[in-house]
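Trainee:
Residue numbers (my numbering), protein chains in the order written: chain A, 1 to 204; chain B, 1001 to 1291.
(1) Using the rule of at least 16 other Cβ atoms within 10 Å of the residue's Cβ for burial, across every protein chain shown, is residue 1171 of chain B buried or exposed?
(2) Give the straight-line distance between the Cα atoms of residue 1022 of chain B and residue 204 of chain A, rounded to the nearest whole angstrom.
(3) Using the beta-carbon of each residue, which ones in chain A are nearer than 7 Å to residue 1228 of chain B?
(4) Where residue 1222 of chain B and residue 1255 of chain B are concerned, what is the direct C-alpha to C-alpha distance, given to the nearest angstrom?
(5) If you check the beta carbons only, do residue 156 of chain A and residue 34 of chain A fall under 8 Å apart?
(6) So, is the C-beta of residue 160 of chain A closer than 8 Å to a C-beta in chain B?
(7) Mind checking the stretch 63 to 88 of chain A against chain C and listing, in chain order, the residues whose C-beta falls within less than 9 Å of any C-beta there?
(8) For residue 1178 of chain B, which residues from the same chain have a beta carbon less than 8 Å from its beta carbon, with the 5 sequence-adjacent residues on both sides left out?
(9) Would you say residue 1262 of chain B lies against chain A (beta-carbon separation less than 8 Å)?
(10) List the residues of chain B that residue 195 of chain A touches, going by C-beta distances under 7 Å, in chain order.
(11) Any beta-carbon of chain A closer than 8 Å to the one on residue 1278 of chain B?
(12) Which whole-angstrom value is the C-beta distance of residue 153 of chain A and residue 36 of chain A, which I expect to be below 8 Å?
(13) Consult DSSP for residue 143 of chain A and reduce its assignment to one of helix, strand or coil.
(14) Using a Cβ-Cβ cut-off of 8 Å, state whether residue 164 of chain A counts as contacting chain B.
(15) Figure out for me which residue from B:1279, B:1226, B:1155 and B:1117 has the closest Cα to the Cα of residue 1201 of chain B.
(16) Distance, Cα to Cα, residue 1098 of chain B vs residue 1007 of chain B?
(17) Which chain A residues sit within Cβ distance under 7 Å of residue 1178 of chain B?
(18) Decide if residue 1072 of chain B is buried, meaning its Cβ has at least 16 other Cβ atoms within 10 Å, or exposed.
(19) Considering only residues of the same chain and omitting the five flanking positions on each side of residue 4 of chain A, which have a CB-CB separation below 6 Å?
(20) Can you list the residues of chain A that residue 1167 of chain B reaches, using a CB-CB cut of under 9 Å?
(21) Where do the ends of the beta strand (DSSP E) carrying residue 1059 of chain B lie?
(22) By DSSP's criteria, residue 1142 of chain B is part of a beta bridge. Which residues make up the other side?
(23) Based on the DSSP output, what are the partners of residue 33 of chain A in its beta bridges?
(24) Do the stretch 1138 to 1158 of chain B and the stretch 1255 to 1273 of chain B touch if we need at least three Cβ pairs shorter than 8 Å?
(25) Taking C-beta to C-beta, are residue 133 of chain A and residue 1050 of chain B nearer than 8 Å?
(26) Run through DSSP, which three-state label would residue 1159 of chain B get?
(27) By the three-class DSSP mapping on this structure, what secondary structure does residue 1238 of chain B have?
(28) Whose C-beta lies closer than 7 Å to the C-beta of residue 141 of chain A among residues of the same chain, with five residues either side of it excluded?
(29) Nearest chain B C-beta to residue 205 of chain A closer than 8 Å, yes or no?
(30) Taking residue 1216 of chain B as part of the alpha helix (DSSP H), name the residues at either end of that continuous run.
(31) Between the beta-carbon of residue 1282 of chain B and the beta-carbon of residue 1003 of chain B, is there less than 8 Å?
(32) Using the three-state DSSP reduction, which class does residue 1253 of chain B fall into: helix, strand or coil?
(33) Quick check: the Cα distance between residue 1292 of chain B and residue 1207 of chain B, rounded to an integer number of angstroms?
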C-alpha cells in the first residue's frame, strides 16, 4: 500500500506501478466527463478540442455559477459544488476513452466492471475510487474551471479543472487485473447463503 | 388559516437549498454510530471522509453532494386550512425553480426522450408533489426530499405470490442490497414497501427510505421484520461505498399496506448516506424549519 502524488499528464509506466489499495493524489489538471458527454463523443460522432492523452477524467456534472470570464474564472464559470457520480452507468465508454483519447485514469465511485478491467490491463489504466457524496470536500480540491467544451450539454459538458492536491484517492482497479470490487463481490456472494440461513430462508 | 402562497413559494425555495446543505441530526448520528462499530480499516477511512465532508459543507455553507436530485415535495395539510390547490402546486414549482436559478443549483432534470435540460429543476410532472391530509388543526407541513440518482437507479419491484411467503421478502431485500453494491453510495437506508398494488408498494418503499432514522414501522410485524433485516444486511460485507465492511446500511425501513389475496408485492428503494430532507411547518404562529 504505497502513496503516489501524480502530476498530470502521466505515462504508462507510472500507471503500471499502481496496485489496488495504493492511494493517489492528483495534481495539475483533471477533466470532468459524464453520461451525455460520452454518448455525444462515442455515439453521436462529436469530438473535443481537449487533449486527454495521459490524463485523468472524473465522472461528474458540477454545480456552477455563470460569471464574467476573468483570470479566476477563465471559462466564465465559478465552481459551486463539484462531486462524483456513479461510474457503473458509463462502463461501456472506458475502452473508447482510453483507445481514442488516451485517457489513463478514471476517477469515480462504485467501481466499473469486466470490460473496464480488461481495458485497464490491455492499455494501461486505473480506476481511482473517490468517496461518493462528499462533494463539499472535493470542491476544496478544485482551484478553478480552466476551460469547458461541448457546453451545449451543460451541466454534462466536458470540463477542464485546475486542481490542487485532489485526493487521496484509492486505487480500486489496477492495470494488472486487480479489482477491490471483485474482491468484495466474491466475499458478499459467499456470505449470502449464511445470511439467508440466519433469516430462516432456505437457499436450496 | 388561509395558506399564504408567497410563504409557500419562499419555503419551497428555502427547503430545497436547506435539504442540500444540512444533513438531518438523525443521519449524522447514524454515521457516528456506524463509525463506532465498524471493524474494517478501509470502511473506517470511508466513514471518516463522510464525516469530514459534513463538517466542510457546514463550514463553507456548501452543498453536501453535487447531486441535486429529483426534487420531491410532500405536502401535508391539516384541518381548517384554506387553500387553492392549483395555486399551491404552482407556488411550490416556482419556489423550486427559484432555488435552482438564484442559488444557483445544478438542474438535474431532463426530458426522458430528448434529454433536454430546462435548467430549472422542473419539467413534466417534476418537481414531484404529493399532497396528503392530516388531523392537525390549522397546520400545513412541506417536506422536501432531493432524491439522488445513484440510489434511485437501484429501485426494484417483485410481484411475489402468497405461496412464496415472507421468505420471498427476506431474500429479495438481501439480493437487492447485494445487487446495488457500491452504486447506491452506502451506507444506505434500505426502504421496503410491502403490499398494496405495484405502484403503491413502490411509493411505500420511497416513504420508508426517506423516513427519519430511529423511527419504526407503525405495524408491529413490520417493525420486527425491520429489526431482523437491518442486522442481516450488515452481515453481507458490502460496506461503505461497496469497498467492504460492516456498514452497508443505517437501517432497513418498512412501510406496508394491505394487499390482494393473490398478491405479495415487494418494492425496494434506497437512500444514500447523504440522506437529505428538510421540512417547513406553517401555522398561525408563522413558518418554522426543521427536518
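Just so it is clear, CB atoms sit at the ideal spot from N, CA and C, and this is done for glycine as well.
Mentor: Looking at the coordinates:
(1) Looking at its Cβ environment, which holds 16 or more other Cβ atoms inside 10 Å, residue 1171 of chain B is buried.
(2) Going by the C-alpha atoms only, they are around 46 Å apart.
(3) Near residue 1228 of chain B (Cβ distances below 7 Å), the residues of chain A are 199.
(4) Inter-residue distance for residue 1222 of chain B and residue 1255 of chain B is about 7 Å (C-alpha atoms, whole angstroms).
(5) Yes, they are a contact pair.
(6) Taking 8 Å as the threshold, the shortest C-beta distance from residue 160 of chain A to chain B does not fall below it.
(7) In summary, chain C is missing from the structure at hand, where the protein chains are A and B.
(8) Closer than 8 Å at the Cβ level, and outside the excluded window around residue 1178 of chain B, lie 1236 and 1238.
(9) So, not an interface residue.
(10) Below the 7 Å Cβ cutoff, chain B contributes 1174, 1232, 1235 and 1236 as neighbours of residue 195 of chain A, in chain order.
(11) Cβ-Cβ to chain A under 8 Å: no for residue 1278 of chain B.
(12) Their Cβ separation, rounded to whole angstroms, is 5 Å, which keeps residue 153 of chain A and residue 36 of chain A in contact under 8 Å.
(13) Correct three-state label for residue 143 of chain A: strand.
(14) Not closer than 8 Å to any Cβ of chain B, the Cβ of residue 164 of chain A fails to qualify, so no.
(15) Of the candidates B:1279, B:1226, B:1155 and B:1117, the one whose C-alpha sits nearest the C-alpha of residue 1201 of chain B is B:1155.
(16) Going by the C-alpha atoms only, they are around 13 Å apart.
(17) Neighbours of residue 1178 of chain B on chain A, chain order: 188 and 192.
(18) By the 10 Å Cβ count, residue 1072 of chain B comes out buried.
(19) Here the set comprises 24.
(20) Residues of chain A whose Cβ lies closer than 9 Å to the Cβ of residue 1167 of chain B are, in chain order, 196, 199, 200, 201 and 202.
(21) Note, residue 1059 of chain B: premise wrong, no beta strand (DSSP E); alpha helix (DSSP H) at 1041 to 1060.
(22) Its beta-bridge partners are B:1075 and B:1280.
(23) A:59, per the DSSP bridge assignment.
(24) Flag = yes, the stretch 1138 to 1158 of chain B and the stretch 1255 to 1273 of chain B touch.
(25) Yes, the Cβ-Cβ distance between residue 133 of chain A and residue 1050 of chain B is below 8 Å.
(26) If DSSP states are grouped into helix, strand and coil, residue 1159 of chain B belongs with the strands.
(27) The three-state secondary structure of residue 1238 of chain B, taken from DSSP, is coil.
(28) The answer, listed in chain order, is 163, 164, 165 and 166.
(29) Outside the shown range of chain A (1 to 204) lies residue 205 of chain A, about which nothing can therefore be said.
(30) Per DSSP, residue 1216 of chain B belongs to no alpha helix (DSSP H) and is neither H nor E.
(31) A contact, by the Cβ cut-off of 8 Å.
(32) Residue 1253 of chain B sits in a strand when the DSSP states are folded into three classes.
(33) Past the edges of chain B, shown from 1001 to 1291, lies residue 1292 of chain B, and the structure says nothing about it.
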